[in-house]
Amino acid sequence: MKFVDEFRNPTLIRQASEEIHRLVEPGHHYRLMEVCGGHTHAIYRFALEDVLPDNIELVHGPGCPVCVLPMGRVDDGLSLARDPNVILTAFGDMMRVPGRNGSPLEHKARGADVRMVYSPLDALKLAEQHPDRDVVFFAIGFETTAPSTALTLQRARMLGLENFSVFCNHVTIIPAIRAILDSPDMRVEAFIGPGHVSTVIGCRPYEFICRDYGKPLVTSGFEPLDVLQSIVMILRQLRDGRACVENQYARVVPWEGNRPALRAMAEVFELRPFFEWRGLGFISQSALAIREEFAEFDAERRFRMPGVRVTDPKAAQCGEVLKGVLKPHQCKLFGRECTPEHPVGALMVSSEGACAAYYNFALRKSAAAEPVGV
Amino acid sequence: MCLAIPGKIVEFVVGQPHLAVIEVSGVRRRVNIDLLRDEPPALAIGDWVLIHVGFAMSRIGVAEAEEQMRLLAMLGEDRLAMEELEGYRFTEPPARAEEIA
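Listed in order, the protein sequences are those of chains A and B. Residue numbering for the first sequence follows my numbering, beginning at 1 and increasing consecutively. Residue numbering for the second sequence follows my numbering, beginning at 1001 and increasing consecutively.
Structural data, given as structure tokens:
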């Protein structure tokens, strides 16, 4: 436990870590999945695996929006930017995600009008400022960002804007968790549940995980102590043979979620029959499409989209890493062809991607620990 | 994108009930409060909220706000959070008088 003293509250961290060591059964290998990319980032940043017993393995889940977006959707979005009348807008996370012919940033460098925005409302503002141009917002994200897109579309309709549309790639976390539970090569024993997604959807939607699959889920905050306390709560459930949803992050996550956010999403979006996830394949009813009532704001109806399907570069093993079958550094491209500066796969782009987090923190730490020249 | 930025409500915008001025580390910006204003109790000046992509998403206490700011700093994302906040373009920055108020 040599790193404990670096934390803000070392005594509490040490106590949680000791409690975890007491709770684990020797000889039992625990596989716990942190669903959310924010947790993956925090776990690597704080080297939390160093204060855990060797028989607890943290498996990194699908909760990184740019990581699970298949390359074909990136190319579909970028195809819109070929139209000189279109201004394509996207969050910063999206700008460096590689498409088959380069990232949004590279398209911008080649002359396409691609702009980074911090809010979908910024894209709406652009549409107001440029009535002669077609402004498209490339929407990505789980339930953390889907309500903001829904409210933006409601405002667009209220303002009567005719030059604004959304290329909707919002996904929902529950079907992804179900797909993981149903996947034969996944043997996860319990889940560290998402923090911010849960502020929107609340805790009830997770109950099937406990009821139907007999596995515990604990929604967790992002501080090192939060994650360790969540692991304590999970281990206590496993020890007692219980499986229920518990809320470690109750100071931010209401059990019932955010009702206005859920209402706005229900008014604007409907479930797609199926959607392709990178690494997980097609998952039924796992993504959001724009409802008929908002059809005029739907880029997929408004423009001719090629519907591109691209297989990942052969050597890249993003899918295996996404499913937790491989650790990031076990991918053949990791740290060689694929780095945060020159990402081949999306997991290397976002700070929430397992590969970028591993590259930035775990690798640096192990490099520092090794003698120079080794 | 998934960064949550803690901010304190310092003003409601007259004539634009969907907006409030929030303050984060001395920087003031307008954000959308539609996701919080319909649910009781009513939002008040001095309340703390977590902000995602221009929208206040959840109410938090002052201790959680401090904790979130510290967490962003520990994750090395505090600068990014301020860039995001200062990058919101959907409303003009508050007028000078508001900033002083």
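C-beta: ideal position from N, C-alpha, C; glycine also. Quick caveat: nothing in here was measured; it's all calculated off a predicted structure.
Touch test, the segment 1007-1023 of chain B against the segment 1034-1045 of chain B, Cβ-Cβ under 8 Å, three pairs minimum
Contact annotation: the segment 1007-1023 of chain B touches the segment 1034-1045 of chain B, with at least three C-beta pairs closer than 8 Å.
Residue 1048(B) - partner residues in DSSP beta bridges:
Within the second sequence, numbered from 1, the residue matching residue 1048(B) stands at position 48. The partner list for residue 1048(B) (beta bridge, DSSP) reads 1008(B), 1060(B).
Any idea what DSSP makes of residue 148(A), helix, strand or coil?
Taking the first residue of the first sequence as position 1, residue 148(A) is located at position 148. Residue 148(A) carries a helical assignment under DSSP once its states are collapsed to helix, strand and coil.
Would you be able to state if there are at least three C-beta pairs under 8 Å between the segment 79-86 of chain A and the segment 325-338 of chain A?
With a cut-off of 8 Å, the segment 79-86 of chain A and the segment 325-338 of chain A do not count as touching, because too few Cβ pairs lie within range.
Drop a sphere of 10 angstroms on the beta-carbon of residue 158(A), count the other beta-carbons inside from all chains shown, and report buried for 16 or more, exposed for fewer.
Translated into positions along the first sequence, residue 158(A) becomes position 158. Per the 10 Å Cβ criterion, exposed.
Taking Cβ positions only, does residue 339(A) come closer than 8 Å to chain B?
Against the first sequence, residue 339(A) aligns to sequence position 339. Closer than 8 Å: no.
Nearest to residue 270(A) by alpha carbon, out of 45(A), 19(A), 147(A), 100(A)?
Numbered from its first residue, the first sequence carries residue 270(A) at position 270. A check of alpha carbon separations from residue 270(A) across 45(A), 19(A), 147(A), 100(A) identifies 147(A) as the nearest.
Rounded C-alpha distance that separates residue 185(A) from residue 1066(B):
Residue 185(A) sits at position 185 when you count from the first residue of the first sequence. Residue 1066(B) sits at position 66 when you count from the first residue of the second sequence. Roughly 41 Å between the two C-alpha positions.
Pick from 45(A), 24(A), 153(A), 59(A) that is closest to residue 327(A), judged by C-alpha positions
For this step, residue 327(A) is matched to residue 327 along the first sequence. Nearest of 45(A), 24(A), 153(A), 59(A) to residue 327(A), Cα basis: 59(A).
What does residue 151(A) reach in chain B if we use C-beta pairs closer than 9 Å?
Residue mapping note: residue 151(A) aligns to position 151 of the first sequence, counting from 1. For residue 151(A), the C-beta contacts it makes with chain B under 9 Å involve 1018, 1032, 1034, 1035, 1055, in order along the chain.
So which residues on chain A does residue 1060(B) lean against when the C-beta distance must stay under 8 Å?
Residue 1060(B) sits at position 60 when you count from the first residue of the second sequence. Residues of chain A passing the Cβ test: 251, 252.
Straight-line Cα distance separating residue 301(A) from residue 295(A):
Taking the first sequence and counting its residues from 1, one reaches residue 295(A) at position 295. Taking the first sequence and counting its residues from 1, one reaches residue 301(A) at position 301. Computed Cα separation, rounded: 7 Å.
Got a sec, what are the start and stop residues for the alpha helix (DSSP H) residue 213(A) sits in?
One-based indexing of the first sequence puts residue 213(A) at position 213. Looking at the DSSP string, the run of the alpha helix (DSSP H) that includes residue 213(A) is 207-213.
Tell whether a beta-carbon distance below 8 Å holds between residue 1036(B) and residue 1059(B).
Here residue 1036(B) refers to the residue found at position 36 of the second sequence. Here residue 1059(B) refers to the residue found at position 59 of the second sequence. With a cutoff of 8 Å on beta-carbon distance, residue 1036(B) and residue 1059(B) are scored as near each other.
Less than 8 Å between CB atoms is the rule here; does residue 1(A) satisfy it with respect to chain B?
Here residue 1(A) corresponds to residue number 1 of the first sequence, with the count starting at 1. Confidence at residue 1(A) is low in this model, with a pLDDT of 46, below 50, so its placement is unreliable and no value can be given for it.
Could you compute how far the alpha carbon of residue 1047(B) sits from the alpha carbon of residue 261(A)?
Locating residue 1047(B) in the second sequence gives position 47, counting from the first residue. Locating residue 261(A) in the first sequence gives position 261, counting from the first residue. Rounded to the nearest angstrom, the two C-alpha atoms are 19 Å apart.
Going along chain B in order, which residues have a C-beta closer than 7 Å to the C-beta of residue 50(A)?
The residue you call residue 50(A) lines up with position 50 of the first sequence. Around residue 50(A), no beta-carbon contact reaches into chain B at under 7 Å, the shortest distance being about 16 Å.
In three-state DSSP terms, what is residue 1024(B)?
The residue you call residue 1024(B) lines up with position 24 of the second sequence. Strand, per DSSP.
So what's residue 361(A) in DSSP terms, helix, strand or just coil?
Residue 361(A) sits at position 361 when you count from the first residue of the first sequence. Three-state result, residue 361(A): helix.
Using a cut-off of 7 Å between C-beta atoms, extract the partners of residue 1087(B) located in chain A.
The count along the second sequence starts at 1 and reaches residue 1087(B) at position 87. Within 7 Å Cβ-Cβ: 118.
I need the straight-line Cα distance from residue 88(A) to residue 8(A), nearest angstrom please.
The residue given as residue 88(A) occupies position 88 in the first sequence. The residue given as residue 8(A) occupies position 8 in the first sequence. The alpha-carbon of residue 88(A) is positioned some 42 Å away from that of residue 8(A).
Answer yes or no: do residue 1090(B) and residue 1061(B) have a C-beta to C-beta separation smaller than 8 Å?
Translated into positions along the second sequence, residue 1090(B) becomes position 90. Translated into positions along the second sequence, residue 1061(B) becomes position 61. Their beta carbons are not under 8 Å apart, which means residue 1090(B) does not touch residue 1061(B) by this criterion.
Counting only the same chain and skipping the five closest in sequence on each side, list residues whose C-beta sits under 7 Å from that of residue 179(A).
Against the first sequence, residue 179(A) aligns to sequence position 179. These residues qualify, in order along the chain: 280, 283.
DSSP on residue 260(A), reduced to helix/strand/coil?
The sequence position of residue 260(A) within the first sequence is 260, counting from 1. Three-state DSSP puts residue 260(A) in a helix.
Simplified DSSP state of residue 98(A), which is helix, strand or coil:
Here residue 98(A) refers to the residue found at position 98 when the first sequence is read from its first residue. The answer is coil: DSSP assigns residue 98(A) none of H, G, I, E or B.
Beta-carbon separation of residue 232(A) and residue 195(A) under 8 Å?
Residue mapping note: residue 232(A) aligns to position 232 of the first sequence, counting from 1. Residue mapping note: residue 195(A) aligns to position 195 of the first sequence, counting from 1. The answer is no: Cβ separation not under 8 Å.
Mark residue 314(A) as exposed unless 16 or more other C-beta atoms lie within 10 angstroms of its C-beta, in which case mark it buried.
In the first sequence, residue 314(A) corresponds to position 314, counting from 1. Of the residues assessed, residue 314(A) falls on the exposed side of the cut-off, its CB having fewer than 16 other CB atoms within 10 angstroms.
Cα separation between residue 1063(B) and residue 288(A)?
Residue 1063(B) sits at position 63 when you count from the first residue of the second sequence. Residue 288(A) sits at position 288 when you count from the first residue of the first sequence. Roughly 35 Å separates the two Cα atoms.
What residue from 69(A), 61(A), 197(A) has the CA that sits closest to residue 177(A)'s CA?
Taking the first sequence and counting its residues from 1, the one referred to as residue 177(A) is at position 177. Per the Cα distances, 61(A).
Under a CB-based cut-off of 8 Å, is residue 347(A) close to chain B?
As a first step, residue 347(A) is located in the first sequence; it is residue number 347 there, counting from the start. So, not an interface residue.
Given a cut-off of 8 Å, decide if residue 105(A) and residue 96(A) are closer than it, judged by their beta-carbon atoms.
To locate residue 96(A), count along the first sequence from 1; it is residue 96. To locate residue 105(A), count along the first sequence from 1; it is residue 105. By the CB criterion at 8 Å, residue 96(A) and residue 105(A) fall inside the cutoff.
Once the 5 residues before and after residue 207(A) are set aside, which same chain residues still bring their CB inside 7 Å of it?
Position 207 of the first sequence, counting from 1, holds the residue named residue 207(A). A distance below 7 Å between beta-carbons, with the five flanking residues on each side excluded, links residue 207(A) to the following residues of its chain, in chain order: 245.
The beta strand (DSSP E) spanning residue 290(A) covers which residue range?
By 1-based counting over the first sequence, the position of residue 290(A) is 290. 288-290 is the extent of the beta strand (DSSP E) around residue 290(A).
Would you report the Cα separation of residue 1019(B) and residue 264(A), rounded to the nearest angstrom?
In the second sequence, counting from the first residue as 1, residue 1019(B) sits at position 19. In the first sequence, counting from the first residue as 1, residue 264(A) sits at position 264. Each residue's Cα considered, the two are about 17 Å apart.
Would residue 196(A) pass as an interface residue toward chain B - the criterion being a Cβ-Cβ separation below 8 Å?
By 1-based counting over the first sequence, the position of residue 196(A) is 196. The beta carbon of residue 196(A) sits closer than 8 Å to some beta carbon of chain B.
Note down the Cα distance separating residue 352(A) from residue 126(A), rounded to an integer number of angstroms.
Position 352 of the first sequence holds residue 352(A). Position 126 of the first sequence holds residue 126(A). Going by the C-alpha atoms only, they are around 28 Å apart.
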